[in-house]
């Protein structure tokens, strides 16, 4: 069941400057310790039906799909899969994060390859010729691009022009 608690606007004014004098918060459990946090405007209670407004721009399709997933969660139905990323893209994003975390922790590119690609110890010459060396460099480059704002692409479907 949805839980509701109110907080004075002054406590949230810096985060929500357009909110009225009082806001309502609904925390809906999603499982695995996660919650959906909804902030309702003044005068809207947890029992009031709410609506989703979707701009009709090119991202409208993505937003409608996200609303479909949200409705499934809220009504206890099976959540449709998120199709924005393929299994391969999710695996690459995971490897990029692993590589970046390893690099930030001081690991060499060769050490990163040993963990991610299970290469084992390679001699200097073997490492220079290894395809995994270039793969790690590409993972680190991709991770830096994601951190610099490229992660927003993960939220959109690829579209043809």
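In our numbering, the protein residues as written are 5 to 165.
Glycine included, each C-beta is placed from N, C-alpha and C at the ideal position.
Remember, it's a predicted structure, so these values are computed and weren't measured experimentally.
Taking the CA atoms as reference points, residue 146 sits about 12 Å from residue 102.
Of the residues assessed, residue 106 falls on the buried side of the cut-off, its CB having 16 or more other CB atoms within 10 angstroms. Sequence-distant partners of residue 66 (beyond 5 residues in either direction) whose C-beta falls short of 8 Å from its own C-beta, in its chain, are 88, 159, 160 and 161.
Taking all protein chains shown into account, residue 117 has 16 or more neighbouring C-beta atoms within 10 Å of its C-beta and is therefore buried.
By the neighbour-count criterion, in which 16 or more other beta carbons inside 10 Å mark a residue as buried, residue 113 falls on the buried side. Per the C-alpha coordinates, the member of 31, 56 and 130 positioned closest to residue 41 is 31. The C-beta distance from residue 48 to residue 28 rounds to 6 Å, short enough to meet the 8 Å contact threshold. Assigned with DSSP and collapsed to three states, residue 29 falls in strand. In the structure shown, residue 48 adopts coil according to DSSP, grouped into three states. For residue 123, the number of other beta carbons within 10 angstroms of its own is at least 16, and it is reported as buried.
With fewer than 16 other Cβ atoms inside 10 Å of its own Cβ, residue 57 counts as exposed.
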